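What follows is one structure encoded as structure tokens, with my remarks underneath.
Numbering (the working numbering), first residue to last: 850 to 1140.
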């Protein structure tokens, strides 16, 4: 009986050892199979250049977006040629720039020519005067009469006597097109000075106590060299632009060519600029994000 019991015990131990050995071998094979699986390739780092061309009013917004994009993609260089909206639209059409920049919506003839406009932000067009001016508010109608020469003296709109000097942008400027379209003064403004950049308009108004001009909200926020008027009692701000209560506003638009694929780096920049990840940067630059 003892011999039988010993034999059974020996057989049981042998079976247990075989099972343990099989399990260990299975785990070893499994581990080997896992380590032999090829690792997924990392996405290739972006490199090359992205050429932007167009609106001077978009300089702060696009500068902020470009700086962050280049920080995130060290192999990419983003260049920005501030030539005005008309030139930027033409650059997108001809292919001399990857992305055109326009501070106005595209016209029917431009979309018919195969261009696509994507709004990246909204911008109020601030009506600005010299800080010494007693005028604080004007209606859209009063602004139109001033710029068309129907009203020529500040005393006619509540200010001190003095001949009004109207400062504006050059033909082809998106800021000018937006301002004139909204105020109904297209091709009828009488300007004492016609300047080629937003910064030049601000500087001219700052240096002339009788001047009035217009400039992008993003360009005048935080400046004390000029005073932004309320229009119809509404201040030009992010909130009033976003809710539509501020009358003089326009879009900031990325212009591309329909059917023409962007380079990998240009497409990545476009995707970043129009994403929610760019909202804080756009807001900090003084414009109103739409993503």
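All C-beta atoms in this analysis are idealised placements derived from N, C-alpha and C, irrespective of residue type, glycine included.
Since the structure is predicted, the reported quantities are computational estimates derived from the model, not experimental observations.
Find out if the Cβ-Cβ distance for the pair residue i, residue j is shorter than 7 Å.
{"i": "residue 973", "j": "residue 934", "result": "no"}
{"i": "residue 1034", "j": "residue 997", "result": "yes"}
{"i": "residue 969", "j": "residue 1122", "result": "yes"}
{"i": "residue 1141", "j": "residue 1050", "result": "Missing from the structure shown is residue 1141; the chain here goes from 850 to 1140 and no further."}
{"i": "residue 894", "j": "residue 924", "result": "yes"}
{"i": "residue 1075", "j": "residue 941", "result": "no"}
Using C-beta distances below 6 Å, list every residue in its chain close to residue i, excluding the 5 sequence neighbours before and after it, in chain order.
{"i": "residue 928", "result": "900"}
{"i": "residue 975", "result": "1064, 1066, 1069, 1077 and 1085"}
{"i": "residue 1021", "result": "933 and 935"}
{"i": "residue 908", "result": "931"}
{"i": "residue 896", "result": "924"}
In the structure shown, what three-state DSSP assignment does residue i receive?
{"i": "residue 1076", "result": "strand"}
{"i": "residue 1067", "result": "helix"}
{"i": "residue 942", "result": "helix"}
{"i": "residue 1098", "result": "strand"}
{"i": "residue 994", "result": "helix"}
{"i": "residue 881", "result": "The predicted model places residue 881 with a pLDDT of 45, which falls under 50 and marks its position as unreliable; any figure quoted below should be read in that light. The answer is helix: DSSP assigns residue 881 an H, G or I state."}
{"i": "residue 1085", "result": "coil"}
{"i": "residue 1106", "result": "strand"}
{"i": "residue 1029", "result": "helix"}
Please return the same chain residues whose Cβ sits closer than 8 Å to the Cβ of residue i, not counting the five positions on each side in sequence.
{"i": "residue 1095", "result": "973, 1080, 1083, 1084, 1085, 1086 and 1089"}
{"i": "residue 984", "result": "978, 1003, 1006, 1007, 1008 and 1078"}
Could you name the residues of the same chain whose beta carbon sits closer than 7 Å to that of residue i, not counting the 5 residues immediately before and after it, in chain order?
{"i": "residue 959", "result": "938"}
{"i": "residue 932", "result": "902 and 903"}
{"i": "residue 911", "result": "901, 929 and 950"}
Checking the sheet assignment: what are the DSSP bridge partners for residue i?
{"i": "residue 970", "result": "1101 and 1138"}
{"i": "residue 930", "result": "902"}
{"i": "residue 1043", "result": "1017"}
{"i": "residue 1052", "result": "Residue 1052 pairs with nothing; no bridge assigned."}
With contact counted as at least three CB pairs below 8 Å, one residue from each stretch, are the region 1057-1065 and the region 1084-1096 in contact?
-> no
Between the region 1008-1021 and the region 1060-1067, are three or more C-beta pairs nearer than 8 Å?
-> yes
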